Amino acid sequence: MHLCSGRTFSATRRRVSLPSRRAVTTSPPCSFTCRAFSTSPAFPARPYSFSIGVSFAPKPDKRIGPGEKPKVSFPSDGILGSWRDKMLARPKDVATKECGEDFHFHVSMRNKSGIAFGVSDGVSAWIQSGVDPSLFSQALMFHAHRYSRSAWAGEPEVDPSLDYEERELIEGWELTPYECMDLAYGGVLRERFVEAGSSTACIISLNAANGLLRAANLGDSGFSIIRDSSILYSQPVQTHFFNCPKQLTKLPPPSAKRFTRACVDSPREAEAYWTQLCHRDIIVAYTDGLSDNVFPHEMAEICTLDPQLGESDDAQAQSMADRLVIHARECMAAKDRVSPFERNAMREGMFFTGGKPDDVTVVVAVVRETEV
1 MHLCSGRTFS ATRRRVSLPS RRAVTTSPPC SFTCRAFSTS PAFPARPYSF
51 SIGVSFAPKP DKRIGPGEKP KVSFPSDGIL GSWRDKMLAR PKDVATKECG
101 EDFHFHVSMR NKSGIAFGVS DGVSAWIQSG VDPSLFSQAL MFHAHRYSRS
151 AWAGEPEVDP SLDYEERELI EGWELTPYEC MDLAYGGVLR ERFVEAGSST
201 ACIISLNAAN GLLRAANLGD SGFSIIRDSS ILYSQPVQTH FFNCPKQLTK
251 LPPPSAKRFT RACVDSPREA EAYWTQLCHR DIIVAYTDGL SDNVFPHEMA
301 EICTLDPQLG ESDDAQAQSM ADRLVIHARE CMAAKDRVSP FERNAMREGM
351 FFTGGKPDDV TVVVAVVRET EV
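Numbering (the UniProt record's numbering), first residue to last: 1 to 372.
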């Protein structure tokens, strides 16, 4: 993954307005019932629930190269560093507890109105300038988590029997992934510990009241929706040219002239998407360590393997995420296998064989529609 150093771009950056949201039409829409709830100390039951699984692994045999500086992490006793460590916490029997320059988040939104999750991929070319790419991607996900947990997945739920003054006491606001990305990016720009860097971003929210998925994506991270063992939708990548994704960027002001060819894209250029989910739908958010090595049909096959007898939804989601990362790592090492990255390189007239070693991060959500 590169900064925009391979080609020269105009200094005027094209601003793209929020794309028209489109519903999935590749299969018949599933029926659902919207329900109104009153706010109360005991949160009401929701028609939809979601199970989350997270798995990740750093680039195989990652070593510090010539001229590279050792990584300087966020202090573990700080707010951001402490949060990072919680996101990386894994069972004792799992050897890998690092995710390289990728990062992720997942969180329950206000009053359990839904969940939000996402992935980011720090652009590795910053290493050549003495910048640790992981700091930007971690900070971006931290701020996405921070804003999401305080917001509603949909409109704030208000009891119609309350009078006007009581309704005014309802806390929080509705937050779309598109808005979340913009707020999180602003948070990174204010982070003093993040000197510079850039990252792709994919942020998704799932509404527990009506099963609505909303997403915002910038760059070549992305997500896929699996329904009935088939890929229902896969997020197209956004690139400036091959292997140079659109990316949110922070330039160090005193030396910004050194980065005249850096890509400085805006959250406004993110592609927004929404669709209605059904019972047993599977949503997979991923960095390009997965999509460059695993074809969509393989992703669907891996996620729809028969679960173990008695396995819970949470365990199934985790198993899917783990299997996807394991398979991606196997594909990275296979030089006699055509990979998605190899196929895309061929389309650009470039020679590349086999899998592409990279960090890989996967977040899986399994949808359950319940009767309440």
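Ideal Cβ placement from N, Cα and C applies to all residues, glycine included.
This one's a predicted model, so the numbers in the text were calculated from it and none came from an experiment.
Asked: Whether A272 touches Y185 by CB criterion (7 Å); Found: no
Asked: Entirely enclosed beta strand (DSSP E) segments - the region 69-144, minimum 3 residues; Found: 102-108, 114-122
Asked: Same chain only: Cβ atoms within 8 Å of R337, ignoring 5 sequence neighbours per side; Found: C331, G354, G355
Asked: Cβ pair count under 8 Å reaching 3, the region 211-226 against the region 263-279; Found: yes
Asked: Short Cβ contact (7 Å threshold) for A317 with V366; Found: yes
Asked: 8 Å CB neighbourhood of T370 in its chain, flanking five on each side removed; Found: A45, R46, P47, Y48, S49
Asked: Same chain only: Cβ atoms within 8 Å of R368, ignoring 5 sequence neighbours per side; Found: Y48, S49, F50, S51, H279, R280, D313
Asked: Proximity winner among G197, D61, F56, relative to V123 (alpha-carbon distances); Found: G197
Asked: Neighbourhood of P133 by C-beta distance below 7 Å, restricted to the same chain and skipping five residues each side; Found: E101, G122, V123, S124, W126, I127, G197
Asked: Anticipated Cβ contact below 8 Å, G289 with D358, distance rounded; Found: 4 Å
Asked: Sequence-distant residues of the same chain with beta carbon closer than 6 Å to D306, five excluded per side; Found: none
Asked: Proximity of V360 and A57 at Cβ, strictly below 7 Å; Found: yes
Asked: Buried versus exposed call for H297 [16 or more other C-beta atoms within 10 Å across all chains shown]; Found: exposed
Asked: Residue range of the unbroken alpha helix (DSSP H) whose run includes H327; Found: 313-332
Asked: Residues of its chain near T33, where Cβ-Cβ distance is below 6 Å and the 5 sequence neighbours each way are ignored; Found: Any answer about T33 is weak, because its pLDDT of 30 lies below 50 and its placement is not dependable; what the coordinates show is given next. Nothing listed; no residue qualifies.
Asked: Straight-line gap, F103 to S224 (C-alpha atoms, nearest Å); Found: 18 Å
Asked: Euclidean distance between Cα positions of A151 and K97; Found: 29 Å
Asked: Identity of the residue in T287, R192, S266 nearest V237 by Cα; Found: T287
Asked: Bridge-paired residues (DSSP) for E369; Found: Y48
Asked: Buried versus exposed, by CB contacts within 10 Å (16 or more), L309; Found: exposed
Asked: Neighbourhood of S230 by C-beta distance below 7 Å, restricted to the same chain and skipping five residues each side; Found: A300
Asked: Boundaries of the beta strand (DSSP E) in which R214 is found, first to last residue; Found: 212-218
Asked: 8 Å Cβ shell around T26 - same chain, five flanking residues per side excluded; Found: Because T26 carries a pLDDT of 39, less than 50, the predicted location of this residue cannot be relied on, and the following value inherits that uncertainty. Answer for T26: L232, Y233, listed in chain order.
Asked: Given T136 as reference, the closest of F117, L189, S108 once Cα atoms are compared; Found: The residue you asked about is not Thr; residue 136 is Phe in the sequence shown. Checking every option, the nearest Cα to that of F136 belongs to L189.
Asked: Inter-residue spacing [alpha-carbon to alpha-carbon] between E311 and Q235; Found: 29 Å
Asked: M224 in three-state terms, based on DSSP; Found: According to the sequence shown, residue 224 is Ser rather than Met. DSSP places S224 in strand when its eight states are reduced to three.
Asked: Residue range of the unbroken alpha helix (DSSP H) whose run includes A184; Found: 177-190
Asked: Bridge partner(s) assigned by DSSP for P357; Found: In the DSSP output, where bridge partners are listed per residue, P357 has none listed.
Asked: Cβ-based burial, D85 [other Cβ within 10 Å; buried from 16]; Found: exposed
Asked: First through last residue of the alpha helix (DSSP H) which encompasses H289; Found: It should be pointed out that residue 289 corresponds to Gly in this sequence rather than to His. Unbroken alpha helix (DSSP H) run through G289: 288-291.
Asked: Pick from G118, I226, G222, A262 that is closest to H240, judged by C-alpha positions; Found: A262
Asked: 7 Å Cβ cutoff met for S199 and L140; Found: yes
Asked: Sequence-distant residues of its chain with Cβ nearer than 8 Å to W83 (five each side left out); Found: F142, H145
Asked: For H106 and M346, the rounded distance between their alpha carbons; Found: 36 Å
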